[in-house]
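Participant: Going by my numbering, 324 is the number at position 168 of the sequence shown; the sequence numbering is gapless.
Quick reminder that beta carbons are idealized off the backbone N, C-alpha and C, glycines included.
Keep in mind that this is a model prediction, so the values were computed, not measured.
Attaching a single structure in structure tokens format; questions to follow.
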Amino acid sequence: MRRYGSSPHKYPSPHDHHQVDQVVHSILDHHVENQLPPYPTISTRRLAFERHRPLWLRECIAEATGVFFFVFAGLASIATFTLHHATDKNSVAGIGSIFQVGWGMGMGVALAIITCAPTSGGHFNPAITICLAIWQHFPWRKVPRYIISQIFGAFLAALTIMVLYWEQIQDFAATRRAAGLPLVGSHTPASIFCSYPHPDQNLGFVLTIEFVADAFIALVVWAALDPSNPFIHPAAIPFIIGIAYADMIWGFGGITLSTNLARDLGARIVAGILFGGEAFTYHGYAPIGMLVNIPATLFGTAIYEFAFRDSLMIVGKGHANAEGGDAALYAYFKKAKLIDEEQGIKA
């Protein structure tokens, strides 16, 4: 009878923690490898093709696609909401609501980040692009092409919604023409594509709502992107940002809300093609919907940068290096009296 330990394949002693860890991790790794589907072999032709793709073009396509994702999803929900409340003849399947619009836009943002952010960084908003250039050293030379791509993505999304809902939109417009009602304004065919306030709404209040909502979103976005934030896992970032958008739509979408220059301008161009220049001039609202989100986003991100940002935590966790390296960091510690050459570290 063979005694324990006489086999050439000896089991580790339970007291040898290093060997036990090695065996356990080896078994776990082997189990995980068996569960993962094998990825097909990659040809050198494929590698050569990918290497020669222009990075700037990939980034522009990713930004346009990301904006297309959430604008397409959001406008589809808005179309359902608007057309359902038009007439029985023009109603579409499902019950539209601000709640549905919020989920459509919010989950569209999350899916856009998941799909396109690995390529372009996932800005999808001219205001975010500008703030990243101001606060996070995003290259200013890339800002114009990012913004143009974002507007183009929203334009394509609105154009697609126009095609898919063409019959319902035309029926709705014909009904309003026959009744002598306007085609541009709140709860009109044009409102499927972009926001319009009610004629009796005070633009000062509309501007304030837009500013506060956009600053709220910006603050959440900056918190989600902060690598030192212990409450946010990278996999949760898309959904946190999406919920921030949905939250503001649920709260203020029933009044009037834009949140994004690209989303507003790109879709408003399609509304202008369909319903004329009034899409840009109605009630003097268009500049608010297109431009207020830029200073509002700058304000929200400034609050985070000046009040909440902990750059030393980011360096300490290894997410960034100090400018000038460890020598500069050591000199800063001495200047800040965090180090005493005789007593060592103070804090």
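The ligand NAD heavy atoms versus the CB of Val299: any closer than 7 Å?
Facilitator: Although the ligand NAD was asked about, the structure shown includes no ligands whatsoever.
Participant: How about Trp212: is its C-beta nearer than 8 Å to some C-beta of chain B?
Facilitator: Protein chain content of the structure displayed is limited to a single chain, and chain B is not contained in it.
Participant: Do you know offhand how far Lys493's Cα is from Ala371's?
Facilitator: Position 337 of the sequence shown, counted from the start, is the residue given in the question as residue 493. Position 215 of the sequence shown, counted from the start, is the residue given in the question as residue 371. Distance between the alpha carbons of Lys493 and Ala371: 36 Å.
Participant: Any idea what DSSP makes of Ile290, helix, strand or coil?
Facilitator: Position 134 of the sequence shown, counted from the start, is the residue given in the question as residue 290. Helix.
Participant: Taking only the alpha-carbon atoms, compute the straight-line gap between Ile317 and His279 and give it to the nearest angstrom.
Facilitator: Against the sequence shown, residue 317 aligns to sequence position 161. Against the sequence shown, residue 279 aligns to sequence position 123. Approximately 23 Å, taken between the alpha carbons.
Participant: What are the boundary residues of the alpha helix (DSSP H) that includes Ser347?
Facilitator: Taking the sequence shown and counting its residues from 1, the one referred to as residue 347 is at position 191. Where Ser347 is concerned, there is no enclosing alpha helix (DSSP H), given that its DSSP letter is neither H nor E.
Participant: Here's a check: name, in chain order, each residue in its chain whose Cβ is nearer than 6 Å to the Cβ of Ala476, leaving out the five neighbours to either side.
Facilitator: Residue mapping note: residue 476 aligns to position 320 of the sequence shown, counting from 1. Closer than 6 Å at the Cβ level, and outside the excluded window around Ala476, lie Ile470.
Participant: I need the straight-line Cα distance from Gly258 to Glu219, nearest angstrom please.
Facilitator: Here residue 258 refers to the residue found at position 102 when the sequence shown is read from its first residue. Here residue 219 refers to the residue found at position 63 when the sequence shown is read from its first residue. One C-alpha to the other measures close to 21 Å.
Participant: If we count the other Cβ atoms within 10 Å of its Cβ and call it buried at 16 or more, is Pro282 buried or exposed?
Facilitator: Position 126 of the sequence shown, counted from the first residue, corresponds to residue 282. Its Cβ being crowded by 16 or more others within 10 Å, Pro282 is buried.
Participant: Identify, in the order they occur along the chain, each residue of the same chain with its Cβ nearer than 8 Å to the Cβ of Pro353, setting aside the five sequence neighbours on each side.
Facilitator: Counted from its first residue, the sequence shown places residue 353 at position 197. Counting only Cβ-Cβ distances below 8 Å, and skipping sequence neighbours, we find Ser342, Leu359, Val362, Ile411, Thr412, His439, Tyr441.
Participant: Would you grab the beta carbon distance between Ala374 and Gly456 for me? Rounded to a whole angstrom, and I think it's under 8 Å.
Facilitator: In the sequence shown, residue 374 corresponds to position 218, counting from 1. In the sequence shown, residue 456 corresponds to position 300, counting from 1. Sure, about 3 Å apart at Cβ, within 8 Å.
Participant: Taking the straight line between their C-alpha atoms, what separation do you get for Phe308 and Gly428?
Facilitator: The count along the sequence shown starts at 1 and reaches residue 308 at position 152. The count along the sequence shown starts at 1 and reaches residue 428 at position 272. Their Cα atoms are separated by approximately 15 Å.
Participant: Roughly how many angstroms lie between the CA atoms of Val426 and Ala487, to the nearest whole one?
Facilitator: In the sequence shown, the residue the question calls residue 426 occupies position 270. In the sequence shown, the residue the question calls residue 487 occupies position 331. In a straight line, the C-alpha of Val426 is about 57 Å away from that of Ala487.
Participant: Please determine, among His389, Ala334, Ala329, Ala314, the residue with the shortest C-alpha to C-alpha distance to Ser351.
Facilitator: Counted from its first residue, the sequence shown places residue 351 at position 195. With distances taken between Cα atoms, Ser351 lies closest to Ala314.
Participant: Start and end of the alpha helix (DSSP H) containing Thr316?
Facilitator: As a position in the sequence shown, residue 316 is number 160, starting the count at 1. Element bounds for Thr316: 299 to 320.
Participant: Alpha carbon to alpha carbon, how far is His174 from Ser182? Give it in angstroms, no decimals.
Facilitator: On the sequence shown, residue 182 is found 26 positions in, with the first residue counted as 1. On the sequence shown, residue 174 is found 18 positions in, with the first residue counted as 1. Rounded to the nearest angstrom, the two C-alpha atoms are 12 Å apart.
Participant: My output table needs one value for Ile198: the three-state DSSP class, helix, strand or coil.
Facilitator: By 1-based counting over the sequence shown, the position of residue 198 is 42. Note: Ile198 maps to coil in three-state DSSP.
Participant: What is the residue span of the alpha helix (DSSP H) that Gly432 lies within?
Facilitator: For the purposes of this step, residue 432 is taken as residue 276 along the sequence shown, with counting starting at 1. Taken as a continuous stretch (DSSP letters only), Gly432 belongs to no alpha helix (DSSP H), as it is neither H nor E.
Participant: What are the boundary residues of the alpha helix (DSSP H) that Gln357 is part of?
Facilitator: Translated into positions along the sequence shown, residue 357 becomes position 201. Gln357 -> no alpha helix (DSSP H), and no H or E assigned at all.
Participant: Going straight from the alpha carbon of Glu479 to that of Phe464, what length do you get?
Facilitator: By one-based count along the sequence shown, residue 479 stands at place 323. By one-based count along the sequence shown, residue 464 stands at place 308. One C-alpha to the other measures close to 20 Å.
Participant: Rounding to the nearest angstrom, what Cα-Cα distance links Ala229 and Asp420 in this structure?
Facilitator: Locating residue 229 in the sequence shown gives position 73, where the first residue counts as 1. Locating residue 420 in the sequence shown gives position 264, where the first residue counts as 1. Ala229 and Asp420: Cα-Cα distance of roughly 14 Å.
Participant: What separation, rounded to the nearest whole angstrom, lies between the Cα atoms of Phe436 and Asn385?
Facilitator: Start at 1 with the first residue of the sequence shown, and residue 436 comes out as number 280. Start at 1 with the first residue of the sequence shown, and residue 385 comes out as number 229. Cα to Cα, Phe436 sits roughly 41 Å from Asn385.
Participant: Rounded to whole angstroms, what's the CA-CA distance from Pro355 to Thr236? Just pull it up for me.
Facilitator: By 1-based counting over the sequence shown, the position of residue 355 is 199. By 1-based counting over the sequence shown, the position of residue 236 is 80. Their Cα atoms are separated by approximately 23 Å.
Participant: Taking all protein chains shown into account, do 16 or more other C-beta atoms lie within 10 angstroms of the C-beta of Thr453, making it buried, or fewer, making it exposed?
Facilitator: Start at 1 with the first residue of the sequence shown, and residue 453 comes out as number 297. The residue in question, Thr453, is buried, as its Cβ has 16 or more Cβ neighbours within 10 Å.
Participant: By the three-class DSSP mapping on this structure, what secondary structure does Asn385 have?
Facilitator: Walking along the sequence shown from the start, residue 385 turns up at place 229. In the structure shown, Asn385 sits in coil (DSSP, three-state: anything other than H, G, I, E or B).
Participant: By the three-class DSSP mapping on this structure, what secondary structure does Ile269 have?
Facilitator: The residue you call residue 269 lines up with position 113 of the sequence shown. Here Ile269 sits in helix by DSSP.
Participant: Among Ile450, Gly445, Gly398, whose alpha-carbon lies nearest the alpha-carbon of Gly260?
Facilitator: Taking the first residue of the sequence shown as position 1, residue 260 is located at position 104. Nearest C-alpha to Gly260: Gly398.
Participant: Using a threshold of 8 Å, state whether the C-beta atoms of Phe367 and Pro345 are closer than that.
Facilitator: Within the sequence shown, the letter at position 211 stands for residue 367. Within the sequence shown, the letter at position 189 stands for residue 345. No, these two residues do not count as a Cβ contact at 8 Å.
Participant: Suppose contacts are defined by Cβ-Cβ distances below 8 Å. Is Trp378 in contact with Tyr460 by that definition?
Facilitator: As a first step, residue 378 is located in the sequence shown; it is residue number 222 there, counting from the start. As a first step, residue 460 is located in the sequence shown; it is residue number 304 there, counting from the start. Contact flag set, yes.
Participant: Which whole-angstrom value describes the C-beta separation of Phe224 and Leu339, a residue pair presumed to lie in contact below a C-beta threshold of 8 Å?
Facilitator: Within the sequence shown, residue 224 is the residue found at index 68, counting from 1. Within the sequence shown, residue 339 is the residue found at index 183, counting from 1. Incorrect: roughly 25 Å between the Cβ atoms, too far for contact.
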